[in-house]
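Novice: Just add 472 to the spot in the sequence shown (first one is 1) and you have this note's numbering.
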Amino acid sequence: MRTNRSVPPCPVIPVLRYPDPSVAAKWLCKAFGFTLRLRIANHRIQMRAGEGCFTIAEGDIVPNQSATVQVRIEDVHGHCERARAGGAKILSEPTDHIYGERQYNAEDFYGHRWDFTESLADVEPESWGGTSVNL
473 MRTNRSVPPC
483 PVIPVLRYPD
493 PSVAAKWLCK
503 AFGFTLRLRI
513 ANHRIQMRAG
523 EGCFTIAEGD
533 IVPNQSATVQ
543 VRIEDVHGHC
553 ERARAGGAKI
563 LSEPTDHIYG
573 ERQYNAEDFY
583 GHRWDFTESL
593 ADVEPESWGG
603 TSVNL
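Next comes the structure, spelled out in structure tokens:
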């Protein structure tokens with residue numbers, strides 16, 4: 473799998489929604505000893521939990537949508553077609569992003585949201601507006 477400094481290096485990345493990601497990050501670091509990895513304005517913050525990773529995203533808590541699981545994969549287009557054929561509801565088609573990732577979003581049979589991402593290139597976070605913290 474390619475590496476990309478703009479995304480956490482973990483294969484599975486939970487994305488937790490909080491109304492104010494900065495407040496949440498500060499609290500999680502103090503209470504649980506997590507560390508910041510990358511800050512994306514104030515709407516997304518990548519965190520480290522030991523060898524693990526997770527992301528805090530700005531948003532309200534909605535049943536079955538207060539968290540998303542992001543999974544790093546090799547072939548977004550092929551994976552998307554497999555998911556569609558398997559009955560997943562595709563929320564957004566594969567799209568290339570300036571931070572070096574190709575991603576699509578799907579919803580499973582129970583309403584949980586999944587983000588699938590493929591690293592296309594190693595992109596310095598500062599080139600698209602991110603702020604490296606502890607890479």
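Think of the CB as a built atom: it goes at the ideal place given N, C-alpha and C, for glycine as much as any other residue.
From what residue to what residue does the beta strand (DSSP E) around residue 586 run?
Specialist: Where residue 586 is concerned, the enclosing beta strand (DSSP E) stretches over 585-591.
Novice: Where does residue 474 sit, in a helix, a strand or coil, going by DSSP?
Specialist: Of the three classes helix, strand and coil, the one that applies to residue 474 here is coil, per DSSP.
Novice: Between the C-alpha atoms of residue 588 and residue 521, what's the straight-line distance to the nearest angstrom?
Specialist: Cα to Cα, the separation comes out at about 21 Å.
Novice: Would you call the segment 538-550 and the segment 584-599 in contact, with 3 or more CB pairs under 8 Å?
Specialist: At 8 Å Cβ cutoff, the stretches touch.
Novice: Between residue 515 and the rest of its own chain, which residues show a CB-CB distance below 8 Å, the 5 nearest in sequence each way excluded?
Specialist: Contacts found: 493, 529, 530.
Novice: Compute the Euclidean distance between the alpha carbons of residue 546 and residue 590, then round it to the nearest angstrom.
Specialist: Roughly 6 Å separates the two Cα atoms.
Novice: For the beta strand (DSSP E) that residue 579 lies in, which residues bound it at each end?
Specialist: Start and end: 573-579.
Novice: Compute the Euclidean distance between the alpha carbons of residue 532 and residue 488, then round it to the nearest angstrom.
Specialist: So the alpha carbons of these two residues sit roughly 10 Å apart.
Novice: Can you tell which of 559, 568, 490 has its C-alpha closest to the C-alpha of residue 549?
Specialist: Nearest of 559, 568, 490 to residue 549, Cα basis: 568.
Novice: Which runs of the beta strand (DSSP E) fall wholly inside the segment 547-574 and span at least 3 residues, in chain order?
Specialist: Within the segment 547-574, the complete beta strand (DSSP E) runs of at least 3 residues are 561-568.
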